[in-house]
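The structure appears right after this line, and notes come after that.
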Amino acid sequence: MKKTILLMCLALIGIIITPSRASAQSKAITGHVMDAENQEPLPGVSIVIKGTTEGTMTTPEGFFKLEASPGQTLQFSFIGYATQEIVVNESNTINVNLKTDVQAVDEIMVTAEFGMKRVSRSIGSSVQNIKAKDITDSGRESFISALQGRVAGLNVSSSGGTPGSSTTVVLRSITSISGNNQPLYVVDGIPMNNSTFNPGNLADGGASFSVRNLDFASRGNDFNPEDIESMTVLKGAAAAALYGSDASNGAIIITTKKGTAGRARVSYSNSFKWDKAYGYPDLQTKYANGARGTTNYYYSGRYGGLYPQGMELYNNIESVLRTGFSSRQNVSIEGGSDKASLRASASFLDQEGVVKTTDYSRMNVSLSGKAKLNDWIRFEGSMQFVSTENTKVPRGTSGPLYMAMRWPIVDDMSNYMDEDGSHMRMPNYYTDTDLLNPLFGMYKNKLYDESDRFISSFVATISPIKDAFLRAQVGWDVGTSTYETSIHPYYYNDNGGVGRYNLAKSNFSYPTLNLLTGYNKTIKEKFYISAQFGYHQIENGVSRLATYGSNYAVIDFQSINNVDPSTVASTKRTTTRRVQALSGQVELAYNNMAFVTLRARNDWSSTLPVANNSYFYPAIEGAFIATELPFLKDNKSVSYLKLRGSVAQVGKDAGPLEIDPQLEATELTGGGYQYGYTGPNKNLRPEMTTSYEIGFEGRFANDRINTDFTYFWTHCEDQIVKGFRLSYATGFVLNNMNVGTFDTWGWEGHIDADIIQTNSGLSWNVGINASHTKSEVVYLPENVTEYYNAYTWNSGNIRNGIMVGHPVTTLTGRAYSRNDAGQILINPTTGLPIIDETWSVIGDREPKLRFGFTTRFNYKGFSLSALLAGRYKATVVNGTKRTMMQRGTSWESVDLRESGPVVFDGVLRDGNENTDTPTKNNIGVTYDVYGSSIYTGQDEDWLEKDVNYLRLQELRLSYRIPSKLLRRTFISRAIIHIAGNDLATWTNYSGIDAVGNTVSAAAGGTGGEGYDVWSIPNPRGYSIGLNVTF
Amino acid sequence: MKNILVTFTLLGLFSISISSCDEYLDVNNNIDAPDYVEGHLYLAGIIASYQDMYYDLRAMAPLTQMMGTTSGSFDNFAYHSYVSGSDVGGQIWRLVYWEQGMNLENMINQSVEAEQWTLAGIGYAIKAYSWDLLTKQHADLPLKDAFVPGLLSHEYNYQEEIYPQVREWAYKAIEYLEMEDPHEYGDKISSNDYIYYGDKEKWVKFAYAVIVRNLASLSNKNNFTSEYAQELIECANKSFQSSADDATVKVAGGSSSASQSSYNNFWGTYRRNLSYTYFQHDYAVQVFTGTVPKYDEATGEKNVVEDNDYYPYELADKQIICDTFKLAGHYDPRVAVKLATTDDPSYEYMENIDSIKARKYYGGSFAGTAGSVGTAPSFYGRNKSSSYTGDINDGIGRWIYRDDAPYILTTCAEIKFCLAEAYWKLDQKDNALEAFKAGVSADMAFTEKYIYPGDKGSSIGGDKITKDVFGTLANEYLEGPYVNNLSMSDFSLSHIMMQKWVSLYPWGAFEAWVDMRKYHYDLSYSGDYPHSGNGWDISMVDQKWDTDETKVFKGLYLPPAQVSSRKITFDTDNEGAPCYRIRPRYNSEYMWNVPSLESLLPISGTADDYQCSIPWFAYPGDLPTNVQ
């Protein structure tokens, strides 16, 4: 904000001083000023003839023109850049590349809560800015996906590579076992809805779909990346403290473009992208359907005899895929004066995914602007209208890939219609009637959602007296979404279904009000004090109407009107959460060197029992700029060193309607009411997260090396665990209780360096960021050995179990039974390993390290950049391979059946297992005499540990067409690019996607990251595009 | 100054818009459902939730050799084992504690408070029935700690304490139902009571039935005759008198046109729960068709006979239910309804008695449709998964395996057999025989009621016999040598208990299992609590031969018995003992209430063989507190 105002002021000065007198020897000099790093033109650069008051400013396209005499020195200065001096010589043209002035970066303002600015150096916790350009250049359709790998400690987990997949973002670590773990998204000071619809809320009560097999888009992905001016990631609770509960997982602050002063500017950009799927497993082509070596197409498992020579075999997985294509077009127009500016933009995205029938389209139209009404009233506003449509396919073991894997390869699955033109075709040879053709499902079923939404915010800032302000923000994020699922009557065993249709309409309304007042004062030059006080009001209203019906009258028609009226069932659910809060902040600074900020907030939430609904939480942060110390000042090798630390608490409320048991209409004969699963808890208290962090930021070697490091520790106490279980003797199945306490800790850091930087415009920058997180559950009630998230129970008996003394990301399962010495126990009759009756810890999903690697190479108009992201030593559940073994479709299953008798390593459970001389197992087990269960193996067999993973997320080459060539056109600036997304993956993981996520973001809690159960990974994308400004 | 004025005016305007804090925050209410409803609005849901019994029948019916199953989970029960880490077999746990749970507590408490005695009485009757069911299945339970707010762990009560509590609730029900209730209910009760539509007299009979069933399970306790038999007889005489009194839960049905699939019976073709995963067991076919075989006591093998292409084995000399003669009275027509056959697939001979009698029935093994003689069909009469569409299909099902059939809670026949058994124990054999005859007769009426004949010549499901033909054959049978013409000298406890078993087939497997347990599956029982080296052998159970006078269930052999097709070993965890109780619901108790479970005696609830721990009702004396 300040930057723009300053810019406008400078522009103003420029206008005033431009009509200067030309001296006798003077001549006209023209030129162009660009950013040395990215070769972007710099508007508003001040050019002054040294020693005079004469000068000019660059145009919005970076051009300038002035009269000067040879020998005079031109001074080019621009905020945030190092001032450069050039002596006028014979040439009439002077082109200048300005380099970022790292010293000046100190003064960079960070957008903190409620759109307020804070001086970066005063902040005591980790804050990272993301350049809008990086987001728009990422090639990603969603700004959320574009964040992966760019920010240390920020992990984006996408539910899949099909268009419109939901995304889960976790900053640093999970802070809630069962609730929301995502950061708060804030647009121009106003929270934005980032919810994901849970298919369990459809009126058939989740009978057809759940968070495991159907994924609706996250609402955060609605936002248009092109409208982002800047993005700030507030990682810790401390940085986001003033936003309260919703920001206990950090916040992502987005400031939208509001138009810049100057001549009206029209920009257009486009991008066309082709996607190609890769990384799918190879199916065995040796043994046919059957069991125990005998071919029998009644079985879907492939343990039969050899395929006859010359039999035609088909790649059915291939048949559900295609080349995806997407196009993006953005147009914006902006302009205005120093008093008022306006920007309007429109953006259109059309995406067809690599899985046939999937598509996503989004239209964003926005209008924003700002105005300075007089000396003491400023006004800003923005409105964005978003409309999205998304068609998807089911996921996991309901998804097309899994079903294609099961389809007999002696049959061409792509031929999915029966000869009668209406029924689903059964595969040739196959005599059972239970296989469903996924292509029939994709073309004949419907999984669709659409959404229309307004995100708006209005801010008035009044500065009635010097150094004080009053700021009022009103925001309203409001929208409506429609979710539709239809299952064709013939998409059923033996074409014997009736057709099932679900329609849900969800309206949400999130109005927000923030009133802030503040006062700043500098005392005796060196002391600075600023105080701020705020009142806040948040409302999250959601109203959902869902209806279901079955028995289609017209087989091929999808509508609630086409079902048997007697089958229609509808449900409605309305929830409102309201929070009122007061916040305060006092910042003390000494000599621009030492800073202490005290912050506090008190919330009153509607979701808690009245007696417990008020909760207070403070935060303190400090920063010390060591390089301001006299003996370090002006040291070239250590140009900037900041030490920082903070302690912050954030209280968190419950969800709406979680205190009292809810009566629900019964779905049984006779109707009436019955209680839902969840029991009452009149004593629910707010949970409290306390986070500590220390860190430093430094710049070395003449500012060419930039580092940032943070160590954090978080204590999450009194967690409100939703869906906590107790004995059914409570009268209920689930409860919402303050039961869990756990700690998380770890570090995150980044370093980047300008390896090459020359005046000729050649530069090469390399950056690495990494993070490491650990956690430990420190308390659960005594009667509970393990709390688990049921939706993570998605491959055999592996689930995300929460156990005292173990990380919150623990995987539990039914392990092999072992003797006291840890040897696996073998059944003396069968020779097979024995499985524990109960669940125990078998792994941890959290990798040892998550990291990202960025590099950018610039020369003249060329820019080449790359982003790689990866994980080191992760544990991944290979549910994909497990199902392939179960069905005998993997080459490994072929190896096993051909291997001869296998003797499992272990000791017999014959009574001697815990003596000094246990009986070593020597019973050979021939795989062929068993059915599929032996191939399916046990939980421990499907954890792949020490998985390393590296993905080339982005590779982009762009070229800025030299201004000379555009001089005579109406185009002032043009950039063309070619780029690739997810071009390559290097990993020792043997399933499909090591970063697969088995559940939709709607599941919340600890999520399904690290579970690969027929994930659809990100495809390889190739794009070209153009960016022009008129 | 002007600036400041404007500022304060704006500030003032904002503060007006902020309403009072309490009011603003008072939005945590459900506007889509009431937070309080009148008692009768709970009733239909409480009653309809009895469908859960049929969920657990998937474990009970295989355990009592009524059904076999190809379900990889439920066949564990057939083998007297369990599925570790799973909720299977725990549905009634869910029914009693949650589905009825607080709904029933509220209904009872609100009704008592409002002096609505009828509704309160119905509530107590339901509560007594449900808890009786639950304790018979799982034995020891959290009773006193149930529904107490705020508890994190729930202590168990032993069955010895639960049994009298069940009867107390039943008597309470009778007390309330017999009190004058001046409330004008209108149709509030009658339209929500899917058992008796508000008929108080029948509810009283039902409450007595609960007491009878409760006491009958104690018939093998040492003090049965002195402590319980008389009370049983008194209650039985006040209970059901004809099949019209049977307690059944009506469902709306509607098949694929129902707005909720659960409007249909769990066993109907629309919900496909029986499909072809569950099928009649070999033992059921032997009992129903009078083909219990004779085993060679030296080898345990059956003797093959050459001239019978339907049943190629020598039969036991004494059949209890019927025999294979085609003479009038020797054929039990219930076989044509309760069991399934693939014969007459197009429903041509539904009225042809000779054809009906000539039908062949085959039963499956514990875990497969292939039985010792032939292949068991589905309950709908085809060797195929059930289907309600296609040219040949099973329609909406048949008999009580039908979309719109009611769920059966208890019948007059069952109560009469309980009465007969009590008289038998008191050595009042004349009375026992009378009650026995009344029981068989009541079961004929019960069986006939739900016959749903198919369409002649059409292969779209239904029963393969008409009500009229059934009635004729039933009368013949009742007059024959197995019922009314049964001589007192031939009359045995086996007749009572096996006719009861037939009358319970297969909906009443719960109670059939009670009977099998109290007679200890006809094992040569040592009298001790099961534990290794204490009369129970890990390798084989020693079962009484059918020729043994004291053997109650003729033809019954457990999976590890000494006869052909039973020579399977129990899981090693059983330590040689059969299953005596179903382990509590895993995700209620084993996950969240382990310390309480662990403290159970004499076998800890967490022990690998807890399912073999004999419940108090089946143990002749007091339970030991310590088993070595």
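Top line first, the protein sequences correspond to chains S and W.
Following UniProt numbering, the numbering of the first sequence begins with 1 at its first residue and continues without gaps.
Following UniProt numbering, the numbering of the second sequence begins with 1 at its first residue and continues without gaps.
All residues carry an ideal CB built from backbone N, CA and C; glycine is no exception.
For CYS716/S, the enclosing beta strand (DSSP E) covers residues 705-725. Taking one beta carbon from each stretch, the region 75-89 of chain W and the region 283-297 of chain W have fewer than 3 pairs nearer than 8 Å; the two do not touch.
TYR407/W and MET383/S have their alpha carbons spaced roughly 59 Å apart. Counting every other CB atom within 10 Å of its CB across the protein chains shown gives TYR185/S a total of 16 or more, marking it as buried. For the pair GLN280/W and CYS612/W, the Cα-to-Cα distance works out to about 25 Å. Closest by C-alpha distance to PRO308/S, out of GLY301/S, TYR287/S, TYR299/S, is TYR287/S. Per DSSP, reduced to three states, the secondary structure at ASP338/S is coil, with no helix or strand assignment. Taking all protein chains shown into account, THR830/S has fewer than 16 neighbouring C-beta atoms within 10 Å of its C-beta and is therefore exposed. Annotated three-state conformation of LYS273/S is strand, per DSSP.
For ARG583/W, the closest alpha carbon among the candidates PHE470/W, MET60/W, ASN237/W is that of MET60/W.
Against chain S, the beta carbon of GLY390/W has neighbours under 8 Å at ASP494, GLY496, listed in chain order.
Secondary structure note for ARG882/S: its alpha helix (DSSP H) is the uninterrupted segment 879-887. Interface residue (Cβ-Cβ distance to chain W less than 7 Å): ASN783/S is classified as such. At the C-beta level, ILE802/S and TYR787/S come within 7 Å of one another. Counting C-beta pairs with one atom in each stretch, the region 543-561 of chain S and the region 500-507 of chain S have three or more that are closer than 8 Å, which means they touch.
Under the Cβ distance rule, TYR728/S counts among the residues neighbouring chain W, one pair being separated by less than 7 Å. Contact of ASP477/S with chain W by beta-carbon distance below 8 Å is absent, the smallest such distance being about 18 Å. Taking each of LEU762/S, ILE123/S, VAL48/S, ILE94/S in turn and checking the Cα distance to PHE624/S, the smallest one comes out for ILE123/S. The residue among THR53/S, ILE529/S, GLN580/S, THR919/S with its C-alpha nearest the C-alpha of TYR24/W is GLN580/S. As a beta-bridge residue in DSSP terms, PRO191/S pairs with VAL186/S. As DSSP reads the structure, ASP452/S sits in a beta bridge with SER387/S, THR480/S. Following the DSSP letters along the chain, one finds VAL233/S inside the beta strand (DSSP E) bounded by residues 228-234. Bounds of any beta strand (DSSP E) do not take in THR341/W, whose DSSP letter is neither H nor E. When CB distances to chain W are screened at a threshold of 8 Å, the residues of the region 717-746 of chain S falling below it are ARG725, LEU726, SER727, TYR728, ALA729, THR730, GLY731, PHE732, VAL733, in chain order. If you compare the alpha carbons of VAL907/S, GLY622/S, SER893/S, VAL355/S with that of GLN823/S, the shortest gap goes to VAL907/S.
In this structure, ARG856/S lies away from ASP836/S, with their beta-carbon atoms at least 7 Å apart. The closest CA to that of SER178/S, considering only THR741/S, GLU628/S, ALA611/S, is found on THR741/S. Judged by their CB atoms, LEU339/W and PHE417/W are not nearer to each other than the 7 Å cut-off. Considering only beta carbons, the part of the region 242-256 of chain W lying closer than 9 Å to chain S consists of VAL249, LYS250, VAL251, ALA252, GLY253, GLY254, SER256, in chain order.
Annotation: the continuous beta strand (DSSP E) that includes HIS977/S extends over 973-987. For LEU629/S, the number of other beta carbons within 10 angstroms of its own is below 16, and it is reported as exposed. Interface with chain W (7 Å Cβ-Cβ cutoff): TYR989/S is excluded. Taking each of TRP1014/S, SER361/S, TRP764/S in turn and checking the Cα distance to PHE223/S, the smallest one comes out for SER361/S.
At least one CB atom of chain W sits nearer than 7 Å to the CB of SER566/S. Rounded to whole angstroms, the separation of the alpha carbons of ARG406/S and ILE487/S is 20 Å. Interface flag for ASP75/W against chain S is unset, since no Cβ pair is found closer than 7 Å.
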